[in-house]
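Enquirer: Below are the structure tokens for one structure; questions will follow.
Protein chains in written order, with the working numbering: chain S, 1 to 377; chain F, 1001 to 1474.
Shown next, in the form of structure tokens:
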């Protein structure tokens, strides 16, 4: 028996799930389909940093809105996902890093991030655990973190409550374009007819877009994350380094999460499969340099999360060219921070309202749409 | 750094025999283990600094194993905590001198088994230790778990630990065995395949009778609570054949130590990390790597021998280890097919015999269907993160269907043990909420295999010497 919906969202990460939530709340019969479980890929395994220090300058206004939404999750998502506001630092230990720090802080301030340069004395006053060898730091009061692994549980409850039909564990095998919309064929489940389509597949967007004849190259970053066992409180802020290769935070339970985009091995087919031991060692050496007390603890787990990036490293959010009511959302740098906002923006657009901030036209990354799709559209 | 043909991870009977056999046929073999000496858990050596009684009484099989390993050409790296195996293969370990790595085209994973405890209220109290932990205390250190110890659980380790305690001068309050006497007897045909071990079991039972140690068959611990500093009261009650608690008269013991164990589960850190195919086999220790008849996993070049391939016991592990060493020698071109066949044929027969015995023991250790269902809701299942059975039930009611999802939702398995202790019981608890063990799956394998002291791993390095990747984009 084929199900008919107003909109089908493929990909149940934070962006797809947020879009689905607001579409359902906007009155649309909504289906959310994923080959796995809700928020169990990048959206459930990322570092959960709400920092502006690592956000691409052009995306600062979006990230600031996204950060507010995470901190306010209880209100709109119905559940706290461990989002906490904390100050954030980006540190410089060498002259070259100092130069980079000033330049980057300026660019992000120009886009509205309340980042200012502070002296080593000020750093130590706010965060005594930081290595006294620090030369300068950029400070931002608007920082913090979310406990990313809790995202899926919170969204699942909210989506169920909003009446979204959830198809977890059903990879989509193909999509047909018809006059009345789209026919989606999930593995092991009946076909689904949808008037509207949203592709929200993160690093799998390259494959998803190819179903519709679009060829967009999407780079897959394999980011390494490291967590320690519980330790005494050693830091209360989010700490990074000017070059963006470190993100550090301590959660309420005492564990410290070490990230910074060091690479492991993996791909969209196999996932993040293989950490690179030397990259683990490099990452923790950098972490211990920033917060020397980390030397006291033990590393308990290293994992890898996949991040997607377009050719210009800017997001793809908006309608697909030449198709009626088909949309894509993804490839947002620091995407987890912005996700609830980006998902909401796209839902607004689909519901026929004017989004508060501009979307990111995917057509810029595409050659003209294939002829056969122009005909059907 | 010399490159090896073969790296064997694990210095128990499987790993040592594999290393000796492969080295005998000319392979350059490196064996790595976290312990200071070979033997594994079953033939654990006393610390080098020890002398006297404990050393003299060392298990002759373990002594022989260590002697033969020393005589072989295999290179041994003890005190090396292996924390990662990368494809291809690169094995990373933390040595007393810091991080080291070795490369080889083939790896034999011989990482053995770990203890399973079916939780009850009070199992996280300091007076309660695992049967395996009690074994380490007794064998390696000559330490008693307490003055008066209650032993509970299932499987042959119950008797072995009881005897160990009596020999070391301790007292045993009682043995609480989940199995019935007839279940032990039902396995006699299999036990008869190893008359030496069967006889040992017989003598043990007689010895316990003489010492006046009561054995309560078809019983389990209901509750452990503190009555005074260092003293606990243990409530014990009868159970059905499937492990469900029976509403019948409970018995109470007051002791200063409780040693519990519900058998073993296969240690599959390496095969899970390398994404080898696994399948669920309740009678062989839960999720085990799927192997062909010659110890090959689904990952080319990765072999598995011993309890880590599915529980079969120490005797079978030794035979399987030798065979796996032979297979690796043949696969890597050091041994002709004909020479391999000649050497392997007699070994295969003794392996089959040993496996029959081990499998009978593993059957006694298997988790019973109602055992986990009988755990009260407020009982902690994941002791690193204090996740209770009720937390698991609540998550399942909200839609958690796989172990990895459950982990994200509740933190079960996120602590220092990374689910190595609780993973099997939590899998059974999730399955009890209405899915199969196959659907529930297993915790994704990740590094490090053991918690690693961050300082030791990072070593000493100047900031200027850090090898940094290019900066992130602005």
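Ideal placement from N, C-alpha and C gives every residue a C-beta, glycine not left out.
Could you name the residues that DSSP lists as bridge partners for residue 325(S)?
Expert: For residue 325(S), which the question treats as bridged, DSSP gives no partner whatsoever.
Enquirer: Rounded to a whole number of angstroms, what is the C-alpha to C-alpha distance between residue 1339(F) and residue 1318(F)?
Expert: 20 Å
Enquirer: With DSSP run on the structure shown, which of helix, strand or coil describes residue 223(S)?
Expert: When DSSP states are grouped into helix, strand and coil, residue 223(S) belongs to the strand group.
Enquirer: Can you tell me whether residue 1337(F) is buried or exposed, with buried defined as 16 or more other CB within 10 angstroms of its CB?
Expert: exposed
Enquirer: With a threshold of 6 Å on Cβ separation, who are the neighbours of residue 266(S) within its own chain once the five nearest residues in sequence on each side are excluded?
Expert: 222, 272, 273, 304
Enquirer: Of all the CB atoms in chain S, is at least one closer than 7 Å to the CB of residue 1182(F)?
Expert: No, residue 1182(F) does not count as interfacial toward chain S.
Enquirer: Tell me the rounded alpha-carbon separation between residue 380(S) and residue 218(S).
Expert: With chain S running from 1 to 377 in the structure shown, residue 380(S) is simply not present.
Enquirer: Does the beta-carbon of residue 358(S) have 16 or more other beta-carbons within 10 angstroms, so that it is buried, or is it exposed?
Expert: exposed
Enquirer: Do we get a CB-CB distance below 7 Å when we pair residue 1043(F) with the residues of chain S?
Expert: It does not; no Cβ of chain S falls within 7 Å.
Enquirer: Taking only the alpha-carbon atoms, compute the straight-line gap between residue 1286(F) and residue 1280(F) and give it to the nearest angstrom.
Expert: 5 Å
Enquirer: Would you mind reading off the limits of the beta strand (DSSP E) that contains residue 1101(F)?
Expert: 1098-1103
Enquirer: Determine, using beta-carbon pairs with one atom in the stretch 286-305 of chain S and one in the stretch 244-261 of chain S, whether at least three such pairs fall under 8 Å.
Expert: yes
Enquirer: Exposed or buried, residue 1254(F), counting other C-beta atoms within 10 Å across all chains shown (16 or more means buried)?
Expert: exposed
Enquirer: Does the Cβ of residue 1404(F) have 16 or more other Cβ atoms within 10 Å, making it buried, or fewer, making it exposed?
Expert: buried
Enquirer: Out of 1379(F), 1284(F), 1090(F), 1308(F), which has the shortest C-alpha to C-alpha gap to residue 1368(F)?
Expert: Of 1379(F), 1284(F), 1090(F), 1308(F), the residue nearest in Cα terms is 1284(F).
Enquirer: In the DSSP assignment, what are the bridge partners of residue 1382(F)?
Expert: 1387(F)
Enquirer: Compute the Euclidean distance between the alpha carbons of residue 367(S) and residue 215(S), then round it to the nearest angstrom.
Expert: Their backbone Cα atoms lie some 8 Å apart in a straight line.
Enquirer: Report yes or no: do the stretch 1022-1033 of chain F and the stretch 1114-1126 of chain F share at least 3 C-beta pairs separated by less than 8 Å?
Expert: no
Enquirer: Check each residue of the stretch 2-18 of chain S: if its Cβ is closer than 7 Å to any Cβ of chain F, include it; give the result in chain order.
Expert: The stretch 2-18 of chain S vs chain F, Cβ under 7 Å: nothing.
Enquirer: List the residues that DSSP assigns as beta-bridge partners of residue 316(S).
Expert: 330(S)
Enquirer: The alpha helix (DSSP H) that contains residue 7(S), what's its start and end?
Expert: Here residue 7(S) belongs to no alpha helix (DSSP H); instead the beta strand (DSSP E) covers 3-10.
Enquirer: Is the shortest distance between the beta-carbon of residue 1467(F) and the beta-carbons of chain S less than 7 Å?
Expert: yes
Enquirer: Whose C-alpha, out of 1373(F), 1074(F), 1424(F), is nearest the C-alpha of residue 1240(F)?
Expert: 1373(F)
Enquirer: Using Cβ-Cβ distances below 7 Å, what residues of the stretch 1434-1450 of chain F are close to chain S?
Expert: Shown in chain order are the members of the stretch 1434-1450 of chain F whose Cβ falls below 7 Å from a Cβ of chain S: 1446, 1447, 1448.
Enquirer: Note down, in chain order, every chain C residue with its Cβ under 8 Å from the Cβ of residue 96(S).
Expert: The structure shown contains no chain C; its protein chains are S and F.
Enquirer: Please report how far the alpha carbon of residue 355(S) lies from the alpha carbon of residue 23(S), in whole angstroms.
Expert: 14 Å
Enquirer: Tell me, please, whether the CB atom of residue 1217(F) is closer than 7 Å to any CB atom in chain S?
Expert: no
Enquirer: Three or more C-beta pairs closer than 8 Å, one from the stretch 1268-1277 of chain F and one from the stretch 1168-1177 of chain F: is that the case here?
Expert: no
Enquirer: Rounded to whole angstroms, what is the Cα-Cα separation between residue 48(S) and residue 1203(F)?
Expert: The alpha-carbon atoms of residue 48(S) and residue 1203(F) are separated by roughly 59 Å.
Enquirer: Using a Cβ-Cβ cutoff of less than 6 Å, which residues in the same chain neighbour residue 1354(F) once the five nearest sequence positions on both sides are dropped?
Expert: For residue 1354(F), where only same-chain residues beyond five positions count, the Cβ hits under 6 Å are 1315, 1316, 1319.
Enquirer: Counting Cβ pairs closer than 8 Å, one from the stretch 1416-1431 of chain F and one from the stretch 1116-1130 of chain F, do we hit at least three?
Expert: yes
Enquirer: Does DSSP classify residue 1032(F) as helix, strand or coil?
Expert: strand
Enquirer: Given a threshold of 16 other Cβ atoms within 10 Å of its Cβ, counted over all protein chains shown, does residue 1448(F) qualify as buried or as exposed?
Expert: buried
Enquirer: Less than 7 Å between CB atoms is the rule here; does residue 57(S) satisfy it with respect to chain F?
Expert: yes
Enquirer: Just reading off the beta strand (DSSP E) that residue 140(S) is part of, what are its end residues?
Expert: 136-145
Enquirer: Give the residues from the stretch 1397-1413 of chain F that approach chain S closer than 9 Å (Cβ to any Cβ), ordered along the chain.
Expert: 1398, 1399, 1400, 1401, 1402, 1404, 1405, 1407, 1408, 1409, 1410, 1411
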